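Asks: There's a structure below that I have some questions on.
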């Protein structure tokens, strides 16, 4: 069973900041999920063949085709900040 401290440790490992109340809430939610997993493990699957692909697989990708697009200058004209011909965006991850 997961406890609040387990959730706080996971959040720290994922560089996420969560409050104590969120840690409690997430612990409860994850414990519910784990209980469902335990119920599923109890299902008797003896004699049931595994189903790997319920539908046949086929490649539905089209061939790559070069098509005209906007000029880089036009695209970068809308950028709030640009550096070396690329969009400059704020850092979202810590170091």
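Residue numbers (my numbering): 218 to 312. For glycine and all other residues, C-beta sits at the position ideal for the given N, C-alpha and C. This one's a predicted model, so the numbers in the text were calculated from it and none came from an experiment.
Helix, strand or coil: which one does DSSP assign to residue 258?
Replies: It is helical.
Asks: On the premise that residue 241 lies in contact with residue 221, defined as a C-beta separation below 8 Å, what is that separation, rounded to the nearest angstrom?
Replies: About 5 Å; that satisfies the 8 Å criterion.
Asks: Compute the minimum distance between the beta carbon of residue 271 and the heavy atoms of the ligand SAM, and state whether it is under 6 Å.
Replies: As for the ligand SAM, it is missing from this structure, which has no ligand bound.
Asks: Within 10 Å of its beta-carbon, does residue 225 have 16 or more other beta-carbons around it, so buried, or fewer, so exposed?
Replies: Buried.
Asks: Can you name the residues that DSSP bridges to residue 300?
Replies: In DSSP, residue 300 forms a bridge with 303.
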